[in-house]
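Asker: Mind looking over this structure? Questions follow.
Numbering (this note's numbering), first residue to last: 40 to 178.
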């Protein structure tokens with residue numbers, strides 16, 4: 040699939056696949072920023088996208104960073120958005136963290152989307168779960 044991408048600064052690094060067969064692309068910080076413990080900041084990626092019709096870009100955490108307590112608030116980039124992509128980085132480490140231009144900070148997943156129409160009804164089909172919620176399948 041071809042996706043149009045625009046660098047918004049001379050230092051922006053285009054997202055890359057780490058390995059053949061990876062589902063997501065690594066995205067790189069285009070900021071030098073310190074995020075204090077237990078805080079969050081928007082980190083510029085220095086890029087903008089033009090997604091094909093019927094697709095979204097999901098900004099999500101990198102597992103290696105999450106393991107260290109550096110998380111990303113998942114975000115959706117809609118096909119009609121043309122502004123800069125930013126990662127909402129959450130510092131759950133208890134210490135200040137320093138992010139530098141070129142650091143792999145998040146992942147991008149390009150996904151097909153579907154537009155739906157609601158069919159309002161009076162009853163829903165029963166299942167073996169029905170309305171059992173959080174933790175209903177056991178620990």
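We treat Cβ as the ideally placed atom computed from N, Cα and C, and that holds for glycine.
How would you write the range of the alpha helix (DSSP H) that residue 130 sits in, first residue to last?
Answerer: Sequence index remark: in the chain shown, residue 130 carries index 91 (1-based). It is not in any alpha helix (DSSP H) - residue 130 instead sits in the beta strand (DSSP E) that spans 125 to 130.
Asker: Just confirm the distance between the C-beta atoms of residue 138 and residue 70, as a whole number of angstroms; I'd bet it's less than 8 Å.
Answerer: As a working note, residue 138 is residue 99 in the chain shown. As a working note, residue 70 is residue 31 in the chain shown. Yes, residue 138 and residue 70 are in contact; Cβ-Cβ is about 7 Å, under 8 Å.
Asker: Could you tell me the distance, in whole angstroms, from the CA atom of residue 55 to the CA atom of residue 162?
Answerer: For the purposes of this step, residue 55 is taken as the residue at position 16 of the chain shown. For the purposes of this step, residue 162 is taken as the residue at position 123 of the chain shown. So the two alpha carbons sit approximately 47 Å from each other.
Asker: Along the chain, which unbroken stretches of the beta strand (DSSP E) at least 3 residues long are found entirely within the stretch 90 to 168?
Answerer: Runs of the beta strand (DSSP E) inside the stretch 90 to 168: 94 to 99, 109 to 112, 114 to 116, 125 to 130, 136 to 138, 143 to 151.
Asker: State yes or no: is the C-beta of residue 82 within less than 8 Å of the C-beta of residue 51?
Answerer: If you number the chain shown from 1, residue 82 lands on position 43. If you number the chain shown from 1, residue 51 lands on position 12. For residue 82 and residue 51, no; Cβs fall outside 8 Å.
Asker: What does the Cβ neighbour count give for residue 53, buried or exposed, with the cut at 16 atoms within 10 Å?
Answerer: Counting from one through the chain shown, the residue named residue 53 turns up at place 14. The residue is exposed, with fewer than 16 neighbouring Cβ atoms inside 10 Å.
Asker: In angstroms with no decimal places, state the Cα-to-Cα distance between residue 148 and residue 100.
Answerer: As a position in the chain shown, residue 148 is number 109, starting the count at 1. As a position in the chain shown, residue 100 is number 61, starting the count at 1. Cα to Cα, the separation comes out at about 11 Å.
Asker: For residue 46, name the three-state secondary structure that DSSP assigns.
Answerer: On the chain shown, position 7 is the one that residue 46 refers to. In this structure, residue 46 counts as strand in the three-state DSSP scheme.
Asker: From 156, 171, 72, 117, pick the residue whose C-alpha is nearest to that of residue 89; which is it?
Answerer: The residue labelled residue 89 in the question sits at position 50 within the chain shown. It is 117.
Asker: Mind reading off the beta-carbon distance from residue 79 to residue 112? Whole number of angstroms is fine, and I expect it under 8 Å.
Answerer: The sequence position of residue 79 within the chain shown is 40, counting from 1. The sequence position of residue 112 within the chain shown is 73, counting from 1. So it is a contact: roughly 7 Å between Cβ atoms.
Asker: Mind checking residue 155: buried by the 16 CB within 10 Å criterion, or exposed?
Answerer: The residue you call residue 155 lines up with position 116 of the chain shown. Classification for residue 155: exposed.
Asker: Whole angstroms are fine: how far does the CA of residue 131 sit from the CA of residue 77?
Answerer: Numbered from its first residue, the chain shown carries residue 77 at position 38. Numbered from its first residue, the chain shown carries residue 131 at position 92. Approximately 5 Å between the Cα atoms of the pair.
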